Amino acid sequence: MILPPVVFAALAATFLWGMNREDPGNLPSAMIGRQAPAVPQTTLPGKVQLTDEMLREPGVKLVNFWASWCPPCRAEHPTLTDLSTRLPVYGIDLKDPEANALSFLTEDGDPFAAIATDPRGRGAIDWGVTAPPETFIVDGEGQILYRFAGPLIREDFTQRFLPELERALAAED
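Counting in full-length UniProt numbering, the sequence shown runs from 1 upward without gaps.
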């Protein structure tokens, strides 16, 4: 008789805590502070292959999981293009037919210094990606500093992602 009210109270407390977190839209990542997982060893024809070694080169860099079929990925594409003038942006094309990915990059421009393809989504699982787009800030030793789930646009970009990127760049100096 007492079990249902106890279970209800525990659920209510959990939901209340979740709604009152500092940033309820932020999904925590177990990858923060860890070395970046291996990247898939396939790429698109005519593109530079993204390698694990590139993620360990000096300097802050971004790793962006994207797909041509993903509307939020298309929405953030101009932001990635702009960011690619400041630092290396690497792309991992997720579950995308090769022709569609190449067409997207030809039409909208290619902001990626190198690309890997992940046709089955196995690499995304290793990185903890839930759905594209997701962007990771990686330091010069290949360590993941920050994970951003969602498109890099509007207030989410300026208020959540950009401060983390600026912090990473400042720490690099």
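The beta carbon of each residue, even a glycine, is placed where N, CA and C say it ideally should be. Keep in mind that this is a model prediction, so the values were computed, not measured.
Check: Would DSSP call Gln35 helix, strand or coil?; Outcome: strand
Check: Return the first residue and the last residue of the alpha helix (DSSP H) that Asp126 is part of.; Outcome: Arg122 to Trp127
Check: Distance check for Ile2 and Gln162, CA to CA, integer angstroms please.; Outcome: The amino acid at residue 162 is misidentified as Gln; the sequence shows Leu. About 49 Å.
Check: Taking only runs that begin and end inside the UniProt domain "Thioredoxin" (30 to 167), name each unbroken alpha helix (DSSP H) of 4 or more residues, in chain order.; Outcome: 52 to 55, 71 to 83, 98 to 108 and 122 to 127
Check: Are three or more beta carbon pairs between the region 35 to 43 and the region 73 to 85 nearer than 8 Å?; Outcome: no
Check: Assess, as a yes-or-no matter, whether the region 86 to 98 is touched by the region 55 to 66 under the definition of 3 or more beta carbon pairs within less than 8 Å.; Outcome: yes
Check: By Cβ distance below 8 Å, which residues in the same chain neighbour residue 179 in space, the five residues on each side in sequence not counted?; Outcome: The question about residue 179 has no answer here: the residues shown for the chain are numbered 1 through 173.
Check: Between Ala170, Pro151, Leu169 and Phe157, which lies nearest to Ala75 when the distance is taken from Cα to Cα?; Outcome: Pro151
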